[in-house]
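Peer 1:
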Ligand SMILES: Cc1cc2nc3c(=O)[nH]c(=O)nc-3n(C[C@H](O)[C@H](O)[C@H](O)COP(=O)(O)OP(=O)(O)OC[C@H]3O[C@@H](n4cnc5c(N)ncnc54)[C@H](O)[C@@H]3O)c2cc1C
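Residue numbers (this note's numbering), protein chains in the order written: chain U, 1271 to 1556; chain V, 5 to 336.
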């Protein structure tokens, strides 16, 4: 029977009423929106090609989040936990997932491209592919199967779509451009068969995991400053008439990059030129 | 590993039509600064594709000491480039201590693939890099961009785009060929690249949106301009309520939440319910008769003017450019 494996992780609520640093101290768990899409993608393939969807989580996950993922439509769930191990590095997570995959032998492993509401540097899908020596298809919006190969579509820059293919089995990382239409149903969650396992069940030891190299060490965390929006700065190549118009509007007269410099008031033709030049400068319109 | 003997840093540089992409210029400038802070490490750029004089000149301008040129990558470029980089990492002298990648889609993928192939640690969304006695220290964004984490021991740095100020830091540039070795056969294949039809693309996937609001009486102008520039069309609730635009194109908290690279808001006031649906757009251009409309708070460029006149001028300008770009009949 075909197995569609989905790796699910947990993020935290960061846009609630609490300042983010307080939210980190008493975290409210929530699903990773990209993992939700990964479950949806697997469920869609199961509906088309049969088989079962198996969710796998590594490390502690709250019951609510786990049930939420199951309720999106999985037949089985595997939780891998290890008492005393709370912070897992990307190689540790990927090593465990690779061991589970060797037993489950899925056609495809789906993961969210990154944990958008966690640390989320996006390393796991690539490490997983490397450990298994399977192809990795990143940032996927849509999938379909053709015999022993998978075809995926991704949204890339400037309104283009890229279609990639790879032999099965493979790792697919799912982007935010993938659809999410299903609701989580508690009844479905309760029908799923769930296994709670430890490292030993997958032939792994804590020592082996701890010895995996990962040089990145976190020193501190602070609240991020809001990122200033990119502002239009009239280019030096602007025609004299356009410069004059911008100047009259307080445009080029303002200091570069200040809030005022973004305002433009001139004739419609001048405004059109300024817009098109800006679109070109940003590579949005060729 | 103590990195306090950093002798070289790598930068994968993306270029197109003889120009280095802005995100790669940022990566070069960051690499130059870290190399200087580390006491004069060598900045080694790597480019794939033809050796282009203009690209080499720009590399020198933005602080590269040495450039490795490699032939156009065959097949699926991010995979073949990262396999070559991962192999060459151990074969260039002096050995680089860190790889910098621009924060573009491809730069990110290359950084992650190289990191995984080599089994080294890295971070993405990096907003600041510096050198101290223990090696490279990076600040990167996490938790949806709300938290800044400071980390050490990073060997692959994927930068956040549009973050660093690019200033020339000219150096004499040496040119060399990237060492080539046996690399595994590809397992991912590029089948096709095609333009999505902006008229049918789901708004949440659109890269470029032209949205009209109550200030636009004639939506034909919105459609005509959007078609000319390849943008998708959206609108505020008011215009969907009265049928100027179909309901499926409503943007906002009770419509679709979008995150395009560019959002042009024409005749839209910027009510909070609308803003919640488009505030993640990277670049916002506003066209509005009212200088005090709240939508301008989000703008990178704010045009004070009449929607219809500016849209008509935009349509005329784009048409004029198109005509000028067509070679006259009879030219070879
Ligand atoms: C529960 C709830 C949910 C809502 N959800 C949404 C939602 O999902 N999406 C949404 O959009 N709204 C939503 N709204 C409605 C929202 O509050 C605003 O009413 C709506 O966004 C206003 O649309 P508008 O900016 O197009 O129109 P207006 O507020 O009428 O603004 C028109 C703008 O056009 C400018 N203008 C006028 N003439 C011209 C001209 N000739 N040239 C250029 N500019 C001109 C004006 O200066 C003004 O700024 C919701 C409201 C509620 C209560």
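Every residue, glycine too, gets a C-beta built ideally from N, C-alpha and C.
Note that this is a predicted model, so its numbers are computed, not measured.
Look at the alpha carbon of residue 85 of chain V and the alpha carbon of residue 1468 of chain U, and state the distance between them as a whole number of angstroms.
Peer 2: Start at 1 with the first residue of the second chain, and residue 85 of chain V comes out as number 81. Start at 1 with the first residue of the first chain, and residue 1468 of chain U comes out as number 198. Their Cα atoms are separated by approximately 38 Å.
Peer 1: Using 7 Å as the limit for Cβ to Cβ distance, is residue 1499 of chain U near chain V?
Peer 2: Position 229 of the first chain, counted from the first residue, corresponds to residue 1499 of chain U. Interface residue, yes.
Peer 1: For residue 1526 of chain U, which residues of its own chain have a beta-carbon under 6 Å away from its beta-carbon, when the five flanking residues on both sides are left out?
Peer 2: Counting from 1 along the first chain, the entry for residue 1526 of chain U is found at position 256. Low confidence applies to residue 1526 of chain U: its pLDDT is 42, below 50, so where it sits in the model is not reliable, and the reading given next is rough at best. Answer for residue 1526 of chain U: 1503, listed in chain order.
Peer 1: May I ask whether a heavy atom of ligand 1 can be found less than 6 Å away from the beta carbon of residue 1413 of chain U?
Peer 2: For the purposes of this step, residue 1413 of chain U is taken as the residue at position 143 of the first chain. It does not: the Cβ of residue 1413 of chain U is nowhere closer than 6 Å to a heavy atom of ligand 1.
Peer 1: Could you pull out every unbroken alpha helix (DSSP H) segment of at least 4 residues lying fully inside the segment 45–113 of chain V, listed in chain order?
Peer 2: Entirely contained in the segment 45–113 of chain V, the alpha helix (DSSP H) runs reaching 4 residues are, in chain order, 57–65, 81–92.
Peer 1: Look at the alpha carbon of residue 125 of chain V and the alpha carbon of residue 100 of chain V, and state the distance between them as a whole number of angstroms.
Peer 2: Indexing the second chain from 1 puts residue 125 of chain V at position 121. Indexing the second chain from 1 puts residue 100 of chain V at position 96. In a straight line, the C-alpha of residue 125 of chain V is about 14 Å away from that of residue 100 of chain V.
Peer 1: With distance defined between alpha-carbon atoms, name the residue in V:34, V:25, V:167 nearest to residue 1495 of chain U.
Peer 2: One-based indexing of the first chain puts residue 1495 of chain U at position 225. Comparing Cα positions, the closest option is V:167.
Peer 1: Output, in sequence order along the chain, the residues in the segment 51–63 of chain V whose CB is closer than 8 Å to any CB in chain U.
Peer 2: Here the close residues number zero.
Peer 1: Residues of chain V with CB closer than 8 Å to the CB of residue 1287 of chain U, please, in chain order.
Peer 2: As a first step, residue 1287 of chain U must be located in the first chain, where it is residue number 17. Under the 8 Å cutoff, chain V gives no residues; its nearest Cβ is about 14 Å from residue 1287 of chain U.
Peer 1: Would you grab the beta carbon distance between residue 1332 of chain U and residue 1305 of chain U for me? Rounded to a whole angstrom, and I think it's under 8 Å.
Peer 2: For the purposes of this step, residue 1332 of chain U is taken as the residue at position 62 of the first chain. For the purposes of this step, residue 1305 of chain U is taken as the residue at position 35 of the first chain. Going by Cβ atoms, the distance from residue 1332 of chain U to residue 1305 of chain U rounds to 14 Å, so no, they are not a contact pair.
Peer 1: Between which two residues does the beta strand (DSSP E) carrying residue 1367 of chain U extend?
Peer 2: As a first step, residue 1367 of chain U must be located in the first chain, where it is residue number 97. No beta strand (DSSP E) holds residue 1367 of chain U; the alpha helix (DSSP H) holding it covers 1360–1374.
Peer 1: Relative to the alpha-carbon of residue 280 of chain V, which residue among V:295, V:50, V:289, V:260 has its alpha-carbon at the smallest distance?
Peer 2: As a first step, residue 280 of chain V must be located in the second chain, where it is residue number 276. Taking only the C-alpha atoms, the option nearest residue 280 of chain V is V:260.
Peer 1: Name the residues in the segment 136–161 of chain V whose C-beta lies less than 8 Å from a C-beta of chain U; which are they?
Peer 2: For the segment 136–161 of chain V, which is checked against every Cβ of chain U, the residues closer than 8 Å are 141, 144, 145, 146, 147, 148, 149, 150, 151, 152, 153, 154, 155, 156, 157, 158, 159.
Peer 1: Verify the CB distance criterion: does residue 1552 of chain U have a CB-CB separation below 7 Å to chain V?
Peer 2: Indexing the first chain from 1 puts residue 1552 of chain U at position 282. Yes, because at least one Cβ of chain V sits closer than 7 Å to the Cβ of residue 1552 of chain U.
Peer 1: Kindly list, in the order they appear in chain U, the residues whose Cβ is closer than 7 Å to that of residue 1 of chain V.
Peer 2: With chain V represented from 5 up to 336, any question about residue 1 of chain V goes unanswered, as that position is not in the structure.
Peer 1: How many Å lie between residue 110 of chain V and residue 82 of chain V at the Cα?
Peer 2: Position 106 of the second chain, counted from the first residue, corresponds to residue 110 of chain V. Position 78 of the second chain, counted from the first residue, corresponds to residue 82 of chain V. Near 6 Å, if we compare the C-alpha coordinates of residue 82 of chain V and residue 110 of chain V.
Peer 1: DSSP state of residue 1322 of chain U, grouped into three classes?
Peer 2: Taking the first residue of the first chain as 1, we reach residue 1322 of chain U at position 52. If DSSP states are grouped into helix, strand and coil, residue 1322 of chain U belongs with the strands.
Peer 1: Distance check for residue 1416 of chain U and residue 291 of chain V, CA to CA, integer angstroms please.
Peer 2: Position 287 of the second chain, counted from the first residue, corresponds to residue 291 of chain V. Position 146 of the first chain, counted from the first residue, corresponds to residue 1416 of chain U. For residue 291 of chain V and residue 1416 of chain U, the distance between alpha carbons rounds to 47 Å.
Peer 1: In chain order, what residues place their C-beta within less than 5 Å of a heavy atom belonging to ligand 1?
Peer 2: Answer in sequence order: V:217, V:218, V:219, V:240, V:241, V:242, V:256, V:257, V:258, V:259, V:271, V:272, V:273, V:275, V:277, V:278, V:292, V:293, V:294, V:297, V:310, V:311.
Peer 1: State the beta-bridge partners of residue 193 of chain V as determined by DSSP.
Peer 2: Translated into the one-based positions of the second chain, residue 193 of chain V becomes position 189. In DSSP, residue 193 of chain V forms a bridge with U:1435.
Peer 1: Since residue 143 of chain V sits in a beta bridge, which residues does DSSP pair it with?
Peer 2: Numbered from its first residue, the second chain carries residue 143 of chain V at position 139. For residue 143 of chain V, which the question treats as bridged, DSSP gives the partners V:132, V:154.
Peer 1: Sort out for me which residues DSSP pairs residue 1380 of chain U with in a bridge.
Peer 2: Taking the first residue of the first chain as position 1, residue 1380 of chain U is located at position 110. Bridge partners of residue 1380 of chain U: U:1276, U:1442.
Peer 1: So residue 1405 of chain U and residue 1436 of chain U are supposed to be a Cβ contact under 8 Å. How far apart are they, rounded?
Peer 2: Reading the first chain from its first residue, position 135 is the one you call residue 1405 of chain U. Reading the first chain from its first residue, position 166 is the one you call residue 1436 of chain U. Indeed they touch by this definition, with Cβ atoms about 4 Å apart.
Peer 1: From the DSSP output, in three-state form, read off residue 126 of chain V for me.
Peer 2: Taking the second chain and counting its residues from 1, the one referred to as residue 126 of chain V is at position 122. Residue state, collapsed to three classes: strand.
Peer 1: Pick from V:147, V:113, V:123, V:161: whose alpha carbon is nearest that of residue 133 of chain V?
Peer 2: By one-based count along the second chain, residue 133 of chain V stands at place 129. The shortest C-alpha separation from residue 133 of chain V is found at V:161.
Peer 1: Considering just the uninterrupted stretch of the beta strand (DSSP E) at residue 173 of chain V, what are its terminal residues?
Peer 2: Counting from one through the second chain, the residue named residue 173 of chain V turns up at place 169. Careful: residue 173 of chain V lies outside any beta strand (DSSP E) and carries neither H nor E.
Peer 1: Looking at the C-beta of residue 1429 of chain U, does it have a partner C-beta in chain V at a distance below 7 Å?
Peer 2: As a position in the first chain, residue 1429 of chain U is number 159, starting the count at 1. Yes, residue 1429 of chain U lies at the interface with chain V (some Cβ there is under 7 Å from its Cβ).
Peer 1: Report the rounded CA-to-CA distance for residue 1450 of chain U versus residue 1310 of chain U, giving the unit in angstroms.
Peer 2: Stepping through the first chain from its first residue, residue 1450 of chain U is reached at position 180. Stepping through the first chain from its first residue, residue 1310 of chain U is reached at position 40. If I take the Cα positions, the gap works out to 7 Å.
Peer 1: For residue 1452 of chain U, go through chain V and note every residue whose CB falls closer than 8 Å to its CB, in chain order.
Peer 2: Stepping through the first chain from its first residue, residue 1452 of chain U is reached at position 182. Residues of chain V passing the Cβ test: none, with the nearest at roughly 16 Å.
Peer 1: For residue 1421 of chain U, collect the residues of the same chain with a Cβ closer than 8 Å to its Cβ; drop the 5 residues on either side in sequence, then sort them by chain order.
Peer 2: Here residue 1421 of chain U corresponds to residue number 151 of the first chain, with the count starting at 1. The residues are 1413, 1414, 1415, 1433, 1434, 1435.
Peer 1: Can residue 304 of chain V and residue 287 of chain V be called in contact, C-beta distance under 7 Å?
Peer 2: Residue 304 of chain V sits at position 300 when you count from the first residue of the second chain. Residue 287 of chain V sits at position 283 when you count from the first residue of the second chain. For residue 304 of chain V and residue 287 of chain V, yes; Cβs fall inside 7 Å.
Peer 1: For residue 1300 of chain U, which beta-bridge partners are listed by DSSP?
Peer 2: For this step, residue 1300 of chain U is matched to residue 30 along the first chain. Answer is U:1281.
Peer 1: Could you check whether the segment 27–34 of chain V touches the segment 309–320 of chain V, counting it as contact only if at least three pairs of C-beta atoms, one from each stretch, sit closer than 8 Å?
Peer 2: The segment 27–34 of chain V vs the segment 309–320 of chain V: no contact.
Peer 1: Is residue 1373 of chain U near ligand 2, judged by its Cβ being under 6 Å from some heavy atom?
Peer 2: Absent from the structure shown: ligand 2. Ligands present: ligand 1.
Peer 1: Please confirm whether residue 212 of chain V has its beta-carbon closer than 7 Å to some beta-carbon of chain U.
Peer 2: Position 208 of the second chain, counted from the first residue, corresponds to residue 212 of chain V. For residue 212 of chain V, the answer is yes, since a Cβ of chain U falls inside 7 Å of its Cβ.
Peer 1: In terms of alpha-carbon separation, which member of U:1314, U:1322, U:1289, U:1300 lies closest to residue 1273 of chain U?
Peer 2: Looking up residue 1273 of chain U in the first chain gives position 3. Among U:1314, U:1322, U:1289, U:1300, the Cα nearest to that of residue 1273 of chain U belongs to U:1322.
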